[in-house]
Amino acid sequence: MDLLNCRVIGSDSLTNCCRRRIGPNVDFSGLFFYGRCMSENLVPRLADTVTPPKTRTRSATKTARPPLHKVLLLNDDFTPREFVVRVLKAEFRVTGDQAQRIMITAHTKGSCVVAVFTKEVAEEKATRATDMARNEGFPLLFATEPEE
Ligand code: TYC
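Using this note's numbering, read the sequence shown as starting at 159 and increasing by one per residue.
This is the structure in structure tokens:
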């Protein structure tokens, strides 16, 4: 008998059924068997008793990602280009090349997406970068908006 390998599933009434059919000296307390008939030569083997793992749908297990927000750099006519580059490097950890390209894009197009973060991080970075400019008396502005 390969009882101890059987998976614990089912109900008390099935236990009683096993005990009755297999014999009174066999203690099955705590073991519940899956199936209809439990006479000794019909005791299920491991392969028969293992319940297949529940297949979950993708939507049930998927963890929702937090909505992302863009940080935008807005152009103005007064902030020096070098200062914009310095703020970008300091607050957004971009390279000099990347900062230069972001700055030129905002300068020519009016605005540029700097990076994308969770809402709180995007707002904090935009505020810190804008504050850096205010502290130096420049009107440079960073804004945030939800990503589509
Ligand atoms: N337009 C500014 C100038 O010519 C430079 C600048 C670039 C300012 C990008 C803001 O987001 C900006 N001095």
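For each residue, glycine too, the CB sits at the ideal point set by N, CA and C. From a predicted model like this one, the values you see are computed outputs, not experimental measurements.
Thinking C-beta only, is residue j closer than 8 Å to residue i?
i    : j    : result
L231 : I260 : yes
A280 : H227 : yes
K267 : F275 : no
F236 : F296 : yes
L299 : T285 : no
V229 : A273 : yes
V243 : A257 : yes
N387 : A264 : Outside the displayed range of the chain (159 to 306) lies residue 387, so it cannot be described from this structure.
M290 : A222 : no
Based on DSSP bridge pairs, tell me the residues matched to residue i.
i    : result
E303 : K228
T276 : L226
V271 : L230
Could you spell out the range, first to last residue, of the beta strand (DSSP E) harbouring residue i?
i    : result
T263 : Looking at the DSSP string, T263 is not in any beta strand (DSSP E); the run it does join, the alpha helix (DSSP H), is G254 to K267.
Since residue i and residue j should fall inside the 8 Å C-beta cutoff, what is the C-beta to C-beta distance between them, to a whole number of angstroms?
i    : j    : result
K310 : P225 : Past the boundaries of the shown model lies residue 310; the chain is included only from 159 to 306, so the question cannot be answered.
Over what stretch of residues does the alpha helix (DSSP H) that includes residue i continue unbroken?
i    : result
R239 : R239 to F250
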